[in-house]
Amino acid sequence: MSINEEIERRFVRLSKGQRKVAQFVMSNPTVVIGNGAAEVGRQANVSESTVIRFCYAMDLMGYVELQDKVRSDVMTQNGGESIQPTYFSSKRNIPSFGKVMQRDIQNIQETIHLINDNMLQKSSKWMHEAENVYILGTRQAASIANWLSYTMKTLRPNVKQLRSESDDIVQQINSMGEQTTLIVFAGDKYSNDIQTIVEIAKKKKAKIIAITGSALSSIREYASALFTLSLKKQSSLDVIPVVFSFLHALIEEMVNQDKAQYEKYQQSYEQLENNLLFLDAAREKQVF
1 MSINEEIERR FVRLSKGQRK VAQFVMSNPT VVIGNGAAEV GRQANVSEST VIRFCYAMDL
61 MGYVELQDKV RSDVMTQNGG ESIQPTYFSS KRNIPSFGKV MQRDIQNIQE TIHLINDNML
121 QKSSKWMHEA ENVYILGTRQ AASIANWLSY TMKTLRPNVK QLRSESDDIV QQINSMGEQT
181 TLIVFAGDKY SNDIQTIVEI AKKKKAKIIA ITGSALSSIR EYASALFTLS LKKQSSLDVI
241 PVVFSFLHAL IEEMVNQDKA QYEKYQQSYE QLENNLLFLD AAREKQVF
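Here full-length UniProt numbering is used: the first residue of the sequence shown is 1, the next is one more, and so on.
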């Protein structure tokens, strides 16, 4: 039974405040998925405790379980959407690589319905307005963090990738403040290094954008914005295209804050990079 069907079945037994929450949940599933109980309560014009009591009235363990059920229903509703091949006619046999790419497309389309647009816009604004942007990812996520760091460095200044083994990691963490945006890639179980860094960042009032594969990840306690990109029955290979597509969208939204500014900076960066390449080539030829 879907969460909406369960709500309809129990609706008459809910209190007046809980009914407001019920109606809000049914009408705004993406808001529920992307926000905490306090924000849902604010938008539904009830208290956070009323949202929690609604969860208990639905025989749920808490708000996180409500989010999981709503997310599952959204995925189920959109899981049957057909994907129209762009490069292959449905009458032809699609080669194996084409099937893999079509699966990537479907995973990305399913993820679109799980992302809260308001939270995405807010996150892109934090990235745009931040004095410093730090990017953190360990293990498998380190390569993704490295790509995001390099890409953002071509668009704006003061972008740094945090590395726990770096000599200046303490100085970088200590420099965080209200004008800092920290982007964190964290799984359900993440390292103690990430735990320590996000705890300090939150105490320093930095904006923390967390990208995780599980809504149950404890990183949610520290995140200013949480994006859960993992879909059911996905392998880690399936998730990678989804993550990069999401990051592409996030960067584009940041650029949309001031396109002229970002285009000017990017041109300046590319010119400087070309000059450095010329100097390197000249040294090799012993021009100087």
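Using N, Cα and C, we set each Cβ at its ideal position, and we do this for glycine too.
These numbers come from a predicted model, not from an experiment.
Query raised in the report: How many Å lie between residue 125 and residue 254 at the Cα?
Result: As a position in the sequence shown, residue 125 is number 125, starting the count at 1. As a position in the sequence shown, residue 254 is number 254, starting the count at 1. Between the alpha carbons of residue 125 and residue 254 lies a gap of roughly 6 Å.
Query raised in the report: Which of the three DSSP states, helix, strand or coil, is assigned to residue 46?
Result: In the sequence shown, the residue the question calls residue 46 occupies position 46. Here residue 46 sits in coil by DSSP.
Query raised in the report: Quick one: Cα of residue 101 to Cα of residue 4, how far?
Result: One-based indexing of the sequence shown puts residue 101 at position 101. One-based indexing of the sequence shown puts residue 4 at position 4. As the crow flies, the alpha-carbon of residue 101 is around 33 Å from that of residue 4.
Query raised in the report: Where are the beta strand (DSSP E) runs, 3 residues long or more, that stay fully inside the segment 158-218, in chain order?
Result: DSSP runs (the beta strand (DSSP E)) wholly in the segment 158-218: 159-162, 180-186 and 207-212.
Requested in this report: Ignore the nearest five residues each way along the sequence and tell me which others in residue 186's own chain have a CB closer than 7 Å to its CB.
Outcome: As a first step, residue 186 is located in the sequence shown; it is residue number 186 there, counting from the start. Contacts found: 194, 210, 212, 217 and 219.
Query raised in the report: Along the chain, where does the beta strand (DSSP E) that runs through residue 14 open and close?
Result: Here residue 14 is taken as the residue at index 14 of the sequence shown, counted from 1. Unbroken run through residue 14: none, as it is neither H nor E.
Query raised in the report: In chain order, what residues of the same chain lie with their CB nearer than 6 Å to the CB of residue 17, ignoring the 5 residues before and after it?
Result: Along the sequence shown, read from residue 1 onward, the residue named residue 17 stands at position 17. Cβ within range, chain order: 46 and 50.
Query raised in the report: Excluding the five sequence neighbours on either side, which residues of its own chain have a C-beta within less than 7 Å of the C-beta of residue 6, listed in chain order?
Result: Mapped onto the sequence shown, residue 6 falls at position 6. 58, listed in sequence order.
**Report entry** Counterpart residues of residue 38 in DSSP-defined beta bridges
**Finding:** Here residue 38 refers to the residue found at position 38 of the sequence shown. None, per the DSSP bridge assignment.
Requested in this report: Look at the alpha carbon of residue 201 and the alpha carbon of residue 141, and state the distance between them as a whole number of angstroms.
Outcome: Here residue 201 is taken as the residue at index 201 of the sequence shown, counted from 1. Here residue 141 is taken as the residue at index 141 of the sequence shown, counted from 1. Residue 201 and residue 141: Cα-Cα distance of roughly 19 Å.
**Report entry** Cβ separation of residue 34 and residue 107, assumed to be a contact under 8 Å, to the nearest whole Å
**Finding:** Against the sequence shown, residue 34 aligns to sequence position 34. Against the sequence shown, residue 107 aligns to sequence position 107. Not quite, the Cβ-Cβ distance comes to about 18 Å (not below 8 Å), so this is no contact.
**Report entry** Beta-bridge pairing of residue 136 - partner residues as DSSP gives them
**Finding:** Mapped onto the sequence shown, residue 136 falls at position 136. As a beta-bridge residue in DSSP terms, residue 136 pairs with 162 and 184.
Requested in this report: Determine contact between the segment 126-141 and the segment 243-261, defined as no fewer than three beta-carbon pairs at a distance below 8 Å.
Outcome: Between the segment 126-141 and the segment 243-261, the count of Cβ pairs shorter than 8 Å is three or higher; the stretches touch.
Report task. State the CB to CB distance for the pair residue 181 and residue 207, rounded to an integer number of angstroms; the pair is presumed to be in contact (CB under 8 Å). Result -> Here residue 181 corresponds to residue number 181 of the sequence shown, with the count starting at 1. Here residue 207 corresponds to residue number 207 of the sequence shown, with the count starting at 1. Between residue 207 and residue 181 the Cβ distance is about 5 Å, and since that is below 8 Å, they are a contact.
Requested in this report: Measure how close the beta-carbons of residue 32 and residue 60 come, nearest whole angstrom, since I'm counting them as under 8 Å.
Outcome: The count along the sequence shown starts at 1 and reaches residue 32 at position 32. The count along the sequence shown starts at 1 and reaches residue 60 at position 60. Not a contact, Cβ separation roughly 12 Å.
Requested in this report: Sort 266, 184, 167 and 175 by Cα distance to residue 204 and report the nearest one.
Outcome: Within the sequence shown, residue 204 is the residue found at index 204, counting from 1. Of 266, 184, 167 and 175, the smallest CA-CA separation from residue 204 is found for 175.
Requested in this report: Pull up the CB-CB distance for residue 122 and residue 38, whole angstroms please, since I reckon it's below 8 Å.
Outcome: Your numbering for residue 122 matches position 122 in the sequence shown. Your numbering for residue 38 matches position 38 in the sequence shown. Contact flag wrong, Cβ pair sits at about 15 Å.
Query raised in the report: Quick one: Cα of residue 11 to Cα of residue 19, how far?
Result: Here residue 11 corresponds to residue number 11 of the sequence shown, with the count starting at 1. Here residue 19 corresponds to residue number 19 of the sequence shown, with the count starting at 1. Rounded to the nearest angstrom, the two C-alpha atoms are 7 Å apart.
Report task. Return helix, strand or coil for residue 130, following the three-state DSSP convention. Result -> Numbered from 1 along the sequence shown, position 130 holds the residue referred to as residue 130. In the three-state scheme derived from DSSP, where H, G and I count as helix and E and B as strand, residue 130 is classed as coil.
Query raised in the report: Does the Cβ of residue 71 have 16 or more other Cβ atoms within 10 Å, making it buried, or fewer, making it exposed?
Result: Walking along the sequence shown from the start, residue 71 turns up at place 71. The residue in question, residue 71, is buried, as its Cβ has 16 or more Cβ neighbours within 10 Å.
Query raised in the report: By a C-beta neighbour count over all protein chains shown, 10 Å radius and 16 as the cutoff for buried, is residue 119 buried or exposed?
Result: Along the sequence shown, read from residue 1 onward, the residue named residue 119 stands at position 119. By the 10 Å Cβ count, residue 119 comes out buried.
Report task. Give the straight-line distance between the Cα atoms of residue 161 and residue 23, rounded to the nearest whole angstrom. Result -> Along the sequence shown, one-based indexing puts residue 161 at 161. Along the sequence shown, one-based indexing puts residue 23 at 23. Taking the straight line from one Cα to the other gives about 42 Å.
Report task. Rounded to whole angstroms, what's the CA-CA distance from residue 237 to residue 73? Just pull it up for me. Result -> Locating residue 237 in the sequence shown gives position 237, where the first residue counts as 1. Locating residue 73 in the sequence shown gives position 73, where the first residue counts as 1. For residue 237 and residue 73, the distance between alpha carbons rounds to 24 Å.
Query raised in the report: From residue 149 to residue 105, what distance separates their C-alpha atoms?
Result: Position 149 of the sequence shown, counted from the first residue, corresponds to residue 149. Position 105 of the sequence shown, counted from the first residue, corresponds to residue 105. Approximately 25 Å between the Cα atoms of the pair.
Report task. Please state if the CB of residue 155 and the CB of residue 262 are separated by a distance shorter than 7 Å. Result -> Position 262 of the sequence shown, counted from the first residue, corresponds to residue 262. Position 155 of the sequence shown, counted from the first residue, corresponds to residue 155. Going by C-beta atoms, residue 262 is nearer than 7 Å to residue 155.
**Report entry** Whether residue 215 touches residue 68 by CB criterion (7 Å)
**Finding:** Mapped onto the sequence shown, residue 215 falls at position 215. Mapped onto the sequence shown, residue 68 falls at position 68. Contact flag set, yes.
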